[in-house]
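K.L.:
Chains as they are written, first to last, in the working numbering: chain A, 73 to 336; chain B, 353 to 752; chain C, 651 to 992.
Cβ atoms here follow ideal geometry from the backbone N, Cα and C, with glycine treated the same way.
The structure presented is a predicted model; accordingly, all values stated were derived computationally and were not measured.
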């Protein structure tokens, strides 16, 4: 599904990502973990075309080379993502937010609104119905007409997920979906993600700090540290990896939660 | 229900706002639109209003009051057209006065011609204004080409043929500049030595001045609005050109800011105008005194004198016109006023020469004062002084 | 007051369910006899005022597309207006084309110019973009001011009024039918654009260009498109201005002062709100006209108003009303649900 070869990115003198080779199989949930500043977000930004990778890098998606494509072209191929800071269109309504997600599948041309009123109106009705259905699934339908800025934090998170799903993606990249949620909410969110994955036949990559979430749901995990891939494998394999534990624990410091997860 | 009442109240209040200016029969309504953005513009606008007040206080026109509306057009054609439309359609004026900018007067001529309202112009000098052939317009001054003719004659006979030009982009200066070059060519066969086109409010003339200096000229014509001209004058001395190179001003050289800002650099600048403050006639002395007392103007230029002459001409015309001044006689009264203005012959006022109008709609009939005085500054600064160099009358059909 | 607006809003919605064009048709028919009414109640000067308001409505609606929907700060709009005006005037005078040919051509020319004004937006944002567009807009004016063929200082005179056969649009009332029709059409098309994928893409770019790109919106293309569409509006308004009797154009109608007035209209009405732009254009035109006697204080008042608006009412009149209506509806829907529950 997605394959990177020698994926690298330098910002000035800083190497954010360093020759990362990885392969994500179709239909899996793939975890991407690592300490802060290890290059997880850069990885997402490179895949989705927000940054251009350095020379020598290769990104292959569904049999096509997307290394040098721009963000919107990659989106058109079916790569969709959420953001850690959500980046919702706050001044637009909830419904409009998901309808923007549907952009690439719009059945009419950009100038049609001026010349082909009836056609556009019919198409709009179909899109609206489809999107309201999606909102209903996410439990946001009753807020369809209010601005996204007036939603609560959890609802915003759901909406950002909804917008990504509205793109009908093949590959969904989730950037820290659990950040800021209580444990109960995280479980609910994971359930939603799994249901969506089944329903829309998605391949999912999750970047997450909440290790429990990654360990429990992901089929394979890639671990990054200082821009380099230090481990890859099933959750069990990763847990037992010496360099992973070191990367997380450092020499002295020990985070209670991490210790608990790693030591089982 | 209460809310509906409130809305009704609002609507009524709003409509009162619109109909705030009720129109009474028996008044002679005059509308003035002019550029009121400069200090002087405001002062001679005020002078026109004051003079109209004086007429009213001393009995009005055959017992009727003149009601004047003064509007600002900021020297912008769209605002001027809106003003003219408002004066003609809403205020239902008998006479439109204005504007002071050619670019505003030009479109207004079409408005007054269509509405059949007489219009009299204080000092727009673009040649096209009277050439448009409207039956309803008169102007106190004459087309700028007259001044150019006078200037060119004087320059050719007393200064020399090698003239450099600095032309700013505003309408009046462009006009003056083109006309002067044309007149030098036709009267003396002299081609311009150097022509610099600059912005309306240009600040840096140094490169131009250096080039002019090296090309060894007899005189420089600086055609620009007052402040810009003053800057150019100062920089011409800074560039090292002494008084042997004569400075020729465009029509705005008559404006007080030129000697005030330029100081000694204004010395030896001369220009053609319709009025000289140095005029020794009693009427001129009285006028200078009046303007100094009322408006604190040290020496009025021809913008003031023409505004004053205009009100006197209007007074004479209104006195001569047989006005009915009823609600239904508006159109007739407008025609009567036009005919009365067209009947003005040999008005001798502040202007350097007599003013006559006539019935035909050609420039010959509709342009006013054809005599120009050549004025030179003898001293710059706040208390500037001028002298009359020459007085030149051009033939009726000059330059047509 | 809000109740009334909500009620009007609802009845418009009900009408549009009968046929989507019905509210528009009714609005048009209501506006048609306006000149007669104005002439009867006030004087025919107010028709002229209405005409000018219509021109500004077109300009504001156009500016709202690029500035309000798409969030690109442009201060060069008045330059596009000038291009539309001058090109239509010159085509009509120099080539003898009728208004019906010269105006569409002028609109197209302005559309191309819109691409040029929009190009800086690919790389620049916010204040920098404002500066770049300001430069472009002002250079158009200066170009007109120094080129004799474009009118320079004397201006372009005697631009013919539009005509259909013998019917010449040369009076206030006749011109009203022309500008009002086009203004209504302009507002309608603006809504059609806003309520489509294109309009949503514009808004998404305004809200967050990166998120917009990630959902598949070609940000560069849509930014340019917004500039072009708004340029088309400006070109049309310009052509209508040029041919409006007395048919005279001068470059000092296209200065930064006019641009600021235009911005005031959009800000007062509400950035990103179509009806806001319309309200702003009408309100400012009327207030400007009614306060003409206080010309001395006008710039001061306008400036202070603008600052106060930006600070205290950033969404303008339109935004405020729109939001109230939406909230009222939301509360009402919920109340209904609660009642259903009980």
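So, does the CB of residue 816 of chain C fall closer than 8 angstroms to a CB anywhere in chain B?
P.N.:
For residue 816 of chain C, the answer is no, since every Cβ of chain B falls outside 8 angstroms of its Cβ.
K.L.:
With DSSP as the reference, label residue 486 of chain B as helix, strand or coil.
P.N.:
In this structure, residue 486 of chain B counts as coil in the three-state DSSP scheme.
K.L.:
How far does the alpha helix (DSSP H) with residue 115 of chain A in it reach, from first residue to last?
P.N.:
Segment 112 to 119, the alpha helix (DSSP H) holding residue 115 of chain A.
K.L.:
So with CB distances below 9 angstroms, who are the chain A contacts of residue 940 of chain C?
P.N.:
Simply none; closest approach about 34 angstroms.
K.L.:
I want to see whether chain A comes within less than 8 angstroms of residue 853 of chain C, judged by CB atoms only; does it?
P.N.:
Taking Cβ atoms only, chain A reaches closer than 8 angstroms to residue 853 of chain C, which makes this a yes.
K.L.:
Please classify residue 962 of chain C as buried or exposed, where buried requires at least 16 other C-beta atoms within 10 Å of its C-beta.
P.N.:
Under this definition residue 962 of chain C is an exposed residue.
K.L.:
Sorted by chain position, which residues of the same chain lie with C-beta nearer than 7 angstroms to residue 310 of chain A's C-beta, five sequence neighbours on each side aside?
P.N.:
If we look at residue 310 of chain A and ignore the five residues flanking it on each side, its Cβ neighbours are 293, 295, 303, 316.
K.L.:
Please name the residues in the region 482 to 498 of chain B whose beta-carbon is closer than 7 angstroms to at least one beta-carbon of chain C, in chain order.
P.N.:
The residues in question: there are none.
K.L.:
Would you report the Cα separation of residue 278 of chain A and residue 252 of chain A, rounded to the nearest angstrom?
P.N.:
When rounded, the distance between both Cα atoms is 16 angstroms.
K.L.:
Does any residue of chain C bring its CB to less than 8 angstroms from the CB of residue 148 of chain A?
P.N.:
So yes, residue 148 of chain A belongs to the interface.
K.L.:
Between residue 711 of chain B and residue 694 of chain B, how many whole angstroms is the CB-CB distance? I'm expecting something under 8 angstroms.
P.N.:
Going by Cβ atoms, the distance from residue 711 of chain B to residue 694 of chain B rounds to 5 angstroms, so yes, they are a contact pair.
K.L.:
Establish whether the CB of residue 161 of chain A and some CB of chain C are separated by less than 8 angstroms.
P.N.:
Closer than 8 angstroms to some Cβ of chain C, the Cβ of residue 161 of chain A qualifies, so yes.
K.L.:
Determine the DSSP secondary structure at residue 731 of chain B, reduced to helix, strand or coil.
P.N.:
Strand, per DSSP.
K.L.:
Quick one: what does DSSP say residue 511 of chain B is sitting in, helix, strand or coil?
P.N.:
Residue 511 of chain B falls in the coil class under three-state DSSP.
K.L.:
For chain C, find out if any of its Cβ atoms is closer than 8 angstroms to the Cβ of residue 577 of chain B; answer yes or no.
P.N.:
No, residue 577 of chain B lies away from the interface with chain C (no Cβ there is under 8 angstroms from its Cβ).
K.L.:
Name the one or two DSSP bridge partners that residue 153 of chain A has.
P.N.:
Residue 153 of chain A pairs with A/245.
K.L.:
Is it true that the region 911 to 930 of chain C meets the region 541 to 560 of chain B, where meeting means three or more beta-carbon pairs spaced less than 8 angstroms apart?
P.N.:
No: the two stretches stay apart, fewer than three of their Cβ pairs being nearer than 8 angstroms.
K.L.:
Using the rule of at least 16 other Cβ atoms within 10 Å of the residue's Cβ for burial, across every protein chain shown, is residue 896 of chain C buried or exposed?
P.N.:
So residue 896 of chain C counts as buried.
K.L.:
Can you tell me the Cβ-Cβ gap for residue 238 of chain A and residue 174 of chain A, rounded? I've got them flagged as a contact below 8 angstroms.
P.N.:
That belief holds up - the Cβ atoms of residue 238 of chain A and residue 174 of chain A are roughly 5 angstroms apart, short of 8 angstroms.
K.L.:
Suppose the cutoff is 7 angstroms on Cβ atoms and the five residues either side in sequence are ignored; what does the same chain contact list for residue 160 of chain A look like?
P.N.:
So the qualifying residues of the chain are 169, 220, 228, 231, 232.
K.L.:
Strictly by DSSP, which residues pair up with residue 74 of chain A?
P.N.:
In the DSSP output, where bridge partners are listed per residue, residue 74 of chain A has A/96, A/133.
K.L.:
Can you give the Cα-Cα distance for residue 656 of chain B and residue 736 of chain B, rounded to whole angstroms?
P.N.:
Roughly 17 angstroms between the two C-alpha positions.
K.L.:
What residue from B/584, B/728, B/549, B/743 has the CA that sits closest to residue 561 of chain B's CA?
P.N.:
Nearest option by C-alpha distance: B/584.
K.L.:
Starting from the beta carbon of residue 178 of chain A, find every residue of chain C whose beta carbon is closer than 7 angstroms, and list them in chain order.
P.N.:
Within 7 angstroms Cβ-Cβ: 847.
K.L.:
Which first and last residues belong to the alpha helix (DSSP H) in which residue 764 of chain C is found?
P.N.:
Here the alpha helix (DSSP H) through residue 764 of chain C covers 749 to 768.
K.L.:
So which residues on chain B does residue 670 of chain C lean against when the C-beta distance must stay under 8 angstroms?
P.N.:
Here the premise fails: no neighbours, minimum Cβ distance about 29 angstroms.
K.L.:
State whether the region 569 to 584 of chain B contacts the region 609 to 622 of chain B, with contact taken as three or more CB pairs (one from each stretch) at a distance under 8 angstroms.
P.N.:
Result yes; three or more Cβ-Cβ pairs closer than 8 angstroms.
K.L.:
Find the residues of chain C that neighbour residue 102 of chain A, judging by a C-beta separation of less than 8 angstroms, and give them in chain order.
P.N.:
Per Cβ cutoff of 8 angstroms: no residues; residue 102 of chain A is ~19 angstroms from chain C at best.
K.L.:
Work out the CA separation of residue 750 of chain C and residue 762 of chain C for me, nearest whole Å.
P.N.:
If I take the Cα positions, the gap works out to 19 angstroms.
K.L.:
So the candidates are C/705, C/802, C/774, C/858; which of them puts its Cα closest to the Cα of residue 527 of chain B?
P.N.:
The shortest Cα separation from residue 527 of chain B among C/705, C/802, C/774, C/858 belongs to C/802.
K.L.:
Tell me which residues share the same chain as residue 155 of chain A and place their Cβ nearer than 6 angstroms to its Cβ, disregarding the 5 neighbours each side in the sequence.
P.N.:
Contacts found: 247.
K.L.:
Suppose the cutoff is 8 angstroms on Cβ atoms and the five residues either side in sequence are ignored; what does the same chain contact list for residue 470 of chain B look like?
P.N.:
For residue 470 of chain B, where only same-chain residues beyond five positions count, the Cβ hits under 8 angstroms are 446, 447, 448, 464, 488, 489, 490, 686, 689, 690, 693.
K.L.:
List the whole-angstrom C-beta distance separating residue 883 of chain C from residue 711 of chain C, where the pair is believed to meet the contact cut-off of C-beta under 8 angstroms.
P.N.:
Sure, about 6 angstroms apart at Cβ, within 8 angstroms.
K.L.:
For residue 894 of chain C, does the count of other Cβ atoms within 10 angstroms reach 16, so buried, or fall short, so exposed?
P.N.:
Buried, by the Cβ-count rule.
K.L.:
Quick check: what's the CA-CA separation for residue 86 of chain A versus residue 108 of chain A?
P.N.:
Distance between the alpha carbons of residue 86 of chain A and residue 108 of chain A: 15 angstroms.
K.L.:
Please check the pair residue 185 of chain A and residue 842 of chain C, which I expect to be a contact at CB under 8 angstroms, by giving their CB distance rounded to whole angstroms.
P.N.:
With 8 angstroms as the limit, residue 185 of chain A and residue 842 of chain C qualify as a contact, their Cβ atoms being about 5 angstroms apart.
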